[in-house]
Amino acid sequence: MRRQSRGRRRALPPRDRRGRFAHRLCGRPAAQAGAVDARGRSVRDLPAGAERLAGDTFYLPGPTNSGWIDGVLIDTGPDEAAYEGRSFDRLLITHGHADHFACGAYLRRAGTLVHAPRDDASLIENPEVNIRGMFSWAKPGDLLVTKLFRGEPCHVDGLVEVWDDRRAAAIPLHGHTLGHTGFLTADGVLFTGDALYQIPIWERHPLPYCIDPAMVTASLERIRATEFDVLVPGHGVPCSRQEAEAHIDHHLGELRAIEELLVERLKVEHTTEDAIALVSAERGLGDNAAQYWLAVTTVKGFLGDLLGRGEIEFFVRDHAGWWRTA
């Protein structure tokens, strides 16, 4: 059983200019000092730089967007300074990629309890699981490991599947990872992690990572069916429900385009490596190790889904795996 008690919360110790922990609290930015919640109460422990979205729900923009509602954090960015001198009740993690729990261990050392999806908890507690899984459980060389999978191990105190709290509800959004979960705050703000890629993200990353495109499709439709006013993606900018609909439609269209590409091109038999190469080339990926290894998992996910639907076939010849349109 994972520990569920609230425990004592300790304010995170600030650092001096050299990065060492200081013994006194540093002054908060003026915007933070005067921050109040929707009922006019003083809000002391907002992450530095957080912006109000609705009611008591704030978000912290960054390389990875994170959220805050009444002492609960949703994901963390990489900047520990945003949390210094502040205390938090819980940290809810959308999934087990290091860019979404970068400050998890740091926060937990100060007393914040950490909650994560059941199927992603092991990735957070031991990021080596992610790294080995990418390489069929073999040990890769350090130069082949993307920073997406590196991270400081962080103990998980509770599972989001049994999370029951008025401040935020867990919404299963699987597919980017096996347990990927979004969170809908009491103010109607939906934090979707990496379940939805906005149109500008597709323009920069034309083959976003996923392990199961069928799950992703179902999750996108679940987002559409969820009642929310504002959507906050893990990467990108908050958007209205109307804007989110356009991003969902675009994401679904991109998934269909990749499927159609494979079905068409596999009318001529291809090995697994060749299938990965043709999708990567068509989507405009660069020739580098990081993009290659992410593409390996993503393209295999599409191949497996199409195989399961009977649209393509798999066979072994000359000690290589081959694919062809059924």
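In terms of this note's numbering, the sequence shown is residues 1 to 326.
Beta carbons: idealized from backbone N, C-alpha and C, even for Gly.
If you're wondering where the values come from, they're calculated on a predicted model, not measured in any experiment.
Residue state for Phe191 is assigned as strand, using DSSP reduced to three classes.
DSSP places Val72 within a strand segment (E or B) once states are collapsed to three.
Exclusion of the five residues before and after Ala169 leaves Leu184 as the residues of its chain whose Cβ lies within less than 6 Å of its Cβ. Contact annotation: Asp75 and Gly85 have beta-carbon atoms that are not nearer than 8 Å.
In this structure, the alpha-carbon of Ala50 lies about 11 Å from that of Ile69. By a beta-carbon distance limit of 8 Å, Leu252 contacts Leu220. Their separation comes to about 6 Å.
If you draw a straight line from the Cα of Ala82 to the Cα of Ala48, it comes to about 5 Å. In the structure shown, Ser219 falls within a helical segment according to DSSP collapsed to helix, strand and coil.
Looking at the DSSP output, Arg90 shares a beta bridge with Val72, Leu113.
The beta strand (DSSP E) runs lying completely inside the segment 133-173 and spanning 3 residues or more are 168-172, given in chain order. Per DSSP, Arg283 is one residue of the alpha helix (DSSP H) stretching across 272-283.
Its chain contains Pro153 as the residues whose beta carbon lies nearer than 8 Å to that of Asn126, once the 5 sequence neighbours on both sides are disregarded; these appear in chain order.
Beta-bridge partners of Gly182 (DSSP): Ile171.
Counting along the chain, Leu266 sits inside no beta strand (DSSP E), nor does DSSP assign it H or E at all.
In the DSSP assignment, Pro233 falls within the unbroken beta strand (DSSP E) covering 230-233.
Judged by DSSP secondary structure, Gly321 falls outside any alpha helix (DSSP H) and instead within the beta strand (DSSP E) spanning 320-325. Taken through DSSP and simplified to helix, strand or coil, Ala48 comes out as coil. Ala54 is bridged by DSSP to Thr57. The continuous alpha helix (DSSP H) containing Val296 extends over residues 289-308. In terms of Cα proximity to Phe88, the closest of Glu311, Glu80, Leu113 is Leu113.
Here the segment 186-198 makes no contact with the segment 277-284; the two share fewer than three CB pairs at distances below 8 Å. When Glu203, Thr271, Val296, Ala277 are compared, the shortest CA-CA separation from Asp318 is found for Thr271.
In this structure, the CA atom of Val232 is about 12 Å from the CA atom of Ala54. For Ile199, the uninterrupted alpha helix (DSSP H) run begins and ends at 199-204, by DSSP. Look at Arg118 here: in three-state DSSP terms it is coil, with no helix or strand label. Between Gly234 and the set Ala290, Ile93, Val279, the nearest pair of CA atoms involves Ile93.
Sorting Leu306, Ala138, Val162, Pro213 by C-alpha distance to the C-alpha of Glu254 places Pro213 at the top.
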